[in-house]
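Okay, so here's the structure we're looking at.
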Amino acid sequence: AYIRDALDQLIASEGRSVPPFLEWTAIIQPLPMYRNVRVASAMRLVSEASVETIDKGEPLVQQGDQSDALFCVLKGTFDVYIDSGGQDLRVASVGVGEVLGELGLLNSGRRSATVRGAADVSTVLRIERKPFMDYVDRESTSLLRAMSLRLRSTLAQQTK
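So this is what it looks like as structure tokens:
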């Protein structure tokens, strides 16, 4: 909120509004996956991103589909399901500040789960494959550290 307010004040003094890529950079910079990256790198990443709104129950991604983007949760929550013998089994919930879909992009694989909106309205920042892979080239150490922490957290949740 502080970064957003500072951007608003700075740009309002010049009679303009905050360009979307600056606003999104201010939003994603605190996320764990992007926390240690340079601002210029984050700005480059989100300059080609888009925002999507998902209603409750609506799928964000479907298990088995080709991975083509990752998503940063900006608002709301999502439930993650895997197909278990023809039944959807909820395996996780994710919320603001979490990232979905990066592993599928890194291994050029298919979606390992279906993700559906769990709040009345949820919002994500969608980052396509090419900008993300360029980001990986620039920020590989920071990315690996963040993904390692996320994997540990996921494994800890599953053993509870």
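Heads up, the sequence shown is in this note's numbering, so the first residue is 1 and it goes up one at a time.
All C-beta atoms in this analysis are idealised placements derived from N, C-alpha and C, irrespective of residue type, glycine included.
| field | Completely contained alpha helix (DSSP H) runs for the region 48-130, where each covers 4 or more residues | value | 102-106
| said: I believe V73 touches V124 by the beta-carbon criterion, under 8 angstroms. Please report the beta-carbon distance rounded to the nearest angstrom. | reply: Numbered from 1 along the sequence shown, position 73 holds the residue referred to as residue 73. Numbered from 1 along the sequence shown, position 124 holds the residue referred to as residue 124. That belief holds up - the Cβ atoms of V73 and V124 are roughly 6 angstroms apart, short of 8 angstroms.
| query | CB-CB under 7 angstroms to A69, same chain, minus the five flanking residues each way: which ones, in chain order? | reply | The residue you call residue 69 lines up with position 69 of the sequence shown. If we look at A69 and ignore the five residues flanking it on each side, its Cβ neighbours are G101, R126, I127, E128 and R129.
| query | Where does L159 fall in DSSP's three states? | reply | Position 159 of the sequence shown holds residue 159. For the sequence presented, residue 159 should be read as Thr rather than Leu. Note: T159 maps to coil in three-state DSSP.
| task | Tell whether a beta-carbon distance below 9 angstroms holds between R116 and Y81. | result | As a first step, residue 116 must be located in the sequence shown, where it is residue number 116. As a first step, residue 81 must be located in the sequence shown, where it is residue number 81. It is a contact, given that the beta carbons lie within the stated cut-off.
| query | Taking Cβ to Cβ, would you say Q63 is nearer than 9 angstroms to D79? | reply | Indexing the sequence shown from 1 puts residue 63 at position 63. Indexing the sequence shown from 1 puts residue 79 at position 79. No, these two residues do not count as a Cβ contact at 9 angstroms.
| To which residues of the same chain is E52 closer than 6 angstroms at the C-beta, ignoring the five residues directly before and after it? | In the sequence shown, counting from the first residue as 1, residue 52 sits at position 52. Correct list, in chain order: V124 and R126.
| query | Using the beta-carbon count (16 or more within 10 Å), is E58 buried or exposed? | reply | Counted from its first residue, the sequence shown places residue 58 at position 58. The residue is exposed, with fewer than 16 neighbouring Cβ atoms inside 10 Å.
| task | Below 8 angstroms on the Cβ atoms is my guess for V91 versus A113; work out the distance and round it to an integer in Å. | result | Residue numbering aside, residue 91 sits at position 91 when the sequence shown is read from its first letter. Residue numbering aside, residue 113 sits at position 113 when the sequence shown is read from its first letter. Right, the Cβ-Cβ distance comes to about 7 angstroms (below 8 angstroms), so this counts as a contact.
| task | Give the straight-line distance between the Cα atoms of S67 and G104, rounded to the nearest whole angstrom. | result | Numbered from 1 along the sequence shown, position 67 holds the residue referred to as residue 67. Numbered from 1 along the sequence shown, position 104 holds the residue referred to as residue 104. For S67 and G104, the distance between alpha carbons rounds to 5 angstroms.
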